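The numbering of the sequence shown is the working numbering, which starts it at 19 and goes up by one. Quick reminder that beta carbons are idealized off the backbone N, C-alpha and C, glycines included. In this text the structure is predicted, and so the values were computed from the model without any measurement.
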Amino acid sequence: MKVLVVGSGAREHALVWKCVQSDLVERVYCAPGNGGTGGMARNVPIGAADVVRLVDFAKRERLGLVVLGPEAAVEAGAGDALRHAGFPVFGPDRGAGRIESSKAFAKDLMKRAGIPTADYDVFTQPAPAKQWARDREGQVAVKADGLARGKGVIVCSTIEESDKAIDAMLVEQRFGRSGATIVLEEKLEGPELSVLGVTDGTDVIALAPARDFKRALDGDRGANTGGMGAYSPPKGVDDALVKEVLDQVMLPALGAMRSSGSEFRGVLYAGLMLTKNGFRAIEFNARFGDPEAQVVLPRLQSDFVALALAAAQGSLAHHPDLKWSDQACVGVVVASGNYPDDAAMKLGQRISGLAEMPRGVLIFHAATRFEPGIGLVSDGGRVVTSVGLGDTVAQARRTALLGARQVRFDGAFFRSDIAEEAV
Ligand code: AMP
Ligand code: GLY
Numbered sequence: 019m020k021v022l023v024v025g026s027g028a029r030e031h032a033l034v035w036k037c038v039q040s041d042l043v044e045r046v047y048c049a050p051g052n053g054g055t056g057g058m059a060r061n062v063p064i065g066a067a068d069v070v071r072l073v074d075f076a077k078r079e080r081l082g083l084v085v086l087g088p089e090a091a092v093e094a095g096a097g098d099a100l101r102h103a104g105f106p107v108f109g110p111d112r113g114a115g116r117i118e119s120s121k122a123f124a125k126d127l128m129k130r131a132g133i134p135t136a137d138y139d140v141f142t143q144p145a146p147a148k149q150w151a152r153d154r155e156g157q158v159a160v161k162a163d164g165l166a167r168g169k170g171v172i173v174c175s176t177i178e179e180s181d182k183a184i185d186a187m188l189v190e191q192r193f194g195r196s197g198a199t200i201v202l203e204e205k206l207e208g209p210e211l212s213v214l215g216v217t218d219g220t221d222v223i224a225l226a227p228a229r230d231f232k233r234a235l236d237g238d239r240g241a242n243t244g245g246m247g248a249y250s251p252p253k254g255v256d257d258a259l260v261k262e263v264l265d266q267v268m269l270p271a272l273g274a275m276r277s278s279g280s281e282f283r284g285v286l287y288a289g290l291m292l293t294k295n296g297f298r299a300i301e302f303n304a305r306f307g308d309p310e311a312q313v314v315l316p317r318l319q320s321d322f323v324a325l326a327l328a329a330a331q332g333s334l335a336h337h338p339d340l341k342w343s344d345q346a347c348v349g350v351v352v353a354s355g356n357y358p359d360d361a362a363m364k365l366g367q368r369i370s371g372l373a374e375m376p377r378g379v380l381i382f383h384a385a386t387r388f389e390p391g392i393g394l395v396s397d398g399g400r401v402v403t404s405v406g407l408g409d410t411v412a413q414a415r416r417t418a419l420l421g422a423r424q425v426r427f428d429g430a431f432f433r434s435d436i437a438e439e440a441v
């Protein structure tokens with residue numbers, strides 16, 4: 019069968035890498051792909067949100083499966099159009115994708131379904147929003163309602179900070195339309211946990227849990243990013259906790275989606291905080307996490323294409339249990355200088371060192387491209403994820419860090435404390 023992975027990040031490179039390993043697969047395409055996917059699949063120059071051309075391509079190549087990587091593809095309606103044209107799609111329709119693309123929608127769904135989550139309210143006017151934050155002494159998270167590539171959340175500790183964050187979104191419109199409606203949430207404390215479930219809308223199979231590190235700098239300092247690294251399995255998370263998340267978060271969410279008429283197929287991602295009063299869901303994503311995919315997929319020993327196809331076709335109930343490696347996996351993102359400040363990043367830097375990776379390092383490309391006459395250059399904020407597997411987290415981490423150090427370009431930086439808590 020021919021499989022198309024839609025997207026161009028390190029998550030999509032990991033998906034391509036996993037699809038290529040499947041016995042069911044004759045050829046893998048990636049649209050538009052990056053400098054890494056081009057080496058193991060055929061890159062197709064179609065943007066992730068270019069729905070019309072994606073459908074044309076699917077027809078021309080008679081694709082057996084389409085895997086939607088990024089939220090942009092979901093939001094553009096690629097799932098609806100491809101499914102309508104008769105193709106099995108691993109990824110939700112646009113309507114079901116609202117669980118990610120509107121935080122207000124997601125919070126209301128959580129409330130309706132009785133899912134444990136932070137106290138919140140939704141605002142379009144600065145004055146009442148500021149009052150809500152003031153009542154909580156500024157201890158709030160201010161969130162743009164719409165998609166903001168992981169950067170639309172400002173966690174505040176003082177009234178000054180919450181005033182400023184509310185103004186940035188509602189008055190200065192720094193997040194454009196995404197921030198015209200905002201969600202304010204009580205601030206929670208505790209480690210984070212990502213639980214990803216593969217679902218056909220009714221049944222759900224949990225993938226191995228992971229922990230993502232969202233701040234740009236060591237010690238959880240700096241701005242929120244799309245994710246600077248991840249590891250699996252995370253410290254303090256056992257099967258029983260994952261089962262509780264399935265029962266109390268995933269299944270109720272899927273039930274609420276079904277009863278509102280939008281069935282969810284693909285990966286439902288629950289972002290949680292483990293507070294001292296128990297876990298709280300803080301967000302849903304309608305796709306694999308990035309960099310979670312890069313540390314979860316290498317641990318999966320079962321055929322991913324068979325799993326994705328079963329979810330796409332609604333037959334997960336009969337799917338065999340997944341097999342997982344006992345090894346730990348750590349991923350460290352190497353980013354462009356000044357990431358996540360898009361305006362200040364210096365792109366187009368020549369990348370070296372990738373050909374001399376130490377044994378065992380997996381490099382998943384994100385923002386890389388081939389520049390004729392120069393070679394591989396950086397092309398965005400998160401440039402590659404360096405991944406290590408190991409019998410212990412410590413070993414996996416050493417390998418991932420060796421790889422990250424070896425990736426060289428002007429301005430490159432990475433966090434050196436990913437998974438350190440588990441060592
Ligand atoms: P979200 O996009 O909603 O997952 O938020 C991005 C990041 O902001 C999360 O991974 C947390 O690190 C942080 N965050 C979100 N909501 C809260 C909250 N209520 N309290 C504290 N931190 C939060
Ligand atoms: N790593 C968080 C996300 O993919 O949204």
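Under a Cβ-count criterion, where at least 16 other Cβ atoms within 10 Å of its own Cβ denotes burial, should residue 258 be classed as buried or exposed?
Per the 10 Å Cβ criterion, exposed.
Look up residue 375 in the DSSP assignment and say whether it is helix, strand or coil.
coil
Contact defined as beta carbons within less than 8 angstroms: I believe residue 83 pairs with residue 395. What is the distance between those atoms, to the nearest angstrom?
About 31 angstroms; that fails the 8 angstroms criterion.
So, under 8 angstroms CB-CB, residue 432 and residue 352 are touching, yes? Tell me the CB distance rounded to an integer number of Å.
5 angstroms
If you draw a straight line from the alpha carbon of residue 173 to that of residue 75, how long is it in whole angstroms?
42 angstroms
Given the structure, does residue 93 come close to the ligand GLY, in the sense that its CB is under 7 angstroms from one of the ligand's heavy atoms?
no
Would you report the Cα separation of residue 340 and residue 411, rounded to the nearest angstrom?
Their Cα atoms are separated by approximately 21 angstroms.
Which ranges would you report for the beta strand (DSSP E) in the segment 238-305 if only whole runs of at least 3 residues count?
239-242, 247-250, 284-293 and 296-303
Using CA atoms only, rank isn't needed, just tell me which of 288, 206 and 219 is closest to residue 295.
Each of 288, 206 and 219 was checked against the Cα of residue 295, and the nearest Cα belongs to 206.
Closest to residue 204 by C-alpha separation, out of 242, 293, 188 and 283, would be which residue?
293
When DSSP labels each residue in this structure, what does residue 370 get in the three-state scheme?
strand
Rounded to whole angstroms, what is the Cα-Cα separation between residue 281 and residue 402?
Going from the Cα of residue 281 to the Cα of residue 402 covers about 33 angstroms.
Find out if the Cβ-Cβ distance for the pair residue 276, residue 330 is shorter than 8 angstroms.
no
For residue 230, which residues from the same chain have a beta carbon less than 7 angstroms from its beta carbon, with the 5 sequence-adjacent residues on both sides left out?
210, 212, 245, 248, 307, 309 and 310
Based on the DSSP secondary-structure assignment, which residues constitute the bridge partners of residue 357?
Beta-bridge pairing links residue 357 to no other residue.
Checking the sheet assignment: what are the DSSP bridge partners for residue 382?
403
One question on the structure: do residue 305 and residue 89 come within less than 8 angstroms of each other, judged by their Cβ atoms?
Cβ atoms of residue 305 and residue 89: closer than 8 angstroms.
Near residue 95, which residues of its chain fall below 6 angstroms by C-beta distance, leaving aside the five closest residues on each side in sequence?
69 and 112
Have a look at the DSSP bridge pairing and note the partners of residue 91.
Per DSSP, none; premise fails for residue 91.
Of the residues 66, 171 and 19, the one placed nearest residue 79, counting alpha carbons only:
Nearest C-alpha to residue 79 among 66, 171 and 19: 19.
Simplified DSSP assignment, three categories, for residue 417:
Residue 417: helix per DSSP, three-state reduction.
Which same chain residues end up closer than 8 angstroms to residue 30 when comparing Cβ atoms and leaving out the 5 residues on each side of it in sequence?
23, 24, 48, 51, 52, 55, 87 and 88
Report the three-state DSSP secondary structure of residue 233 (helix, strand or coil).
strand
So, do the segment 176-186 and the segment 150-160 have three or more beta carbon pairs nearer to each other than 8 angstroms?
yes
Limits of the unbroken alpha helix (DSSP H) element including residue 223
It is not in any alpha helix (DSSP H) - residue 223 instead sits in the beta strand (DSSP E) that spans 222-224.
Distance, Cα to Cα, residue 357 vs residue 256?
33 angstroms
DSSP three-state label for residue 441, please.
DSSP, read as helix, strand or coil, puts residue 441 in coil.
Leaving out the 5 sequence neighbours to the left and right, which residues in its chain are closer than 8 angstroms to residue 426 when beta-carbon positions are compared?
369, 370 and 371
Beta carbon shell of the ligand AMP at less than 5 angstroms from a heavy atom
One residue list follows from the rule of a beta carbon closer than 5 angstroms to any heavy atom of the ligand AMP, given in chain order as 136, 159, 171, 173, 203, 205, 206, 232, 289, 300 and 301.
For a test of the three-state rule: what should DSSP assign to residue 119, helix, strand or coil?
helix
Going by DSSP, which residues form a beta bridge with residue 392?
According to DSSP, residue 392 shares a beta bridge with no other residue.
CB-CB length for residue 161 against residue 171, believed under 8 angstroms
5 angstroms
In terms of residue numbering, what span does the alpha helix (DSSP H) encompassing residue 178 cover?
If you look at residue 178, you'll find it in the alpha helix (DSSP H) that goes 177-184.
Between the alpha carbons of residue 190 and residue 117, how many angstroms are there, rounded?
26 angstroms
Is the Cβ-Cβ distance between residue 225 and residue 214 less than 8 angstroms?
With respect to the 8 angstroms criterion, residue 225 and residue 214 are classified as neighbours on the basis of their beta carbons.
Round the Cβ separation of residue 408 and residue 414 to the nearest angstrom and send it over; I've been treating them as touching at under 8 angstroms.
3 angstroms
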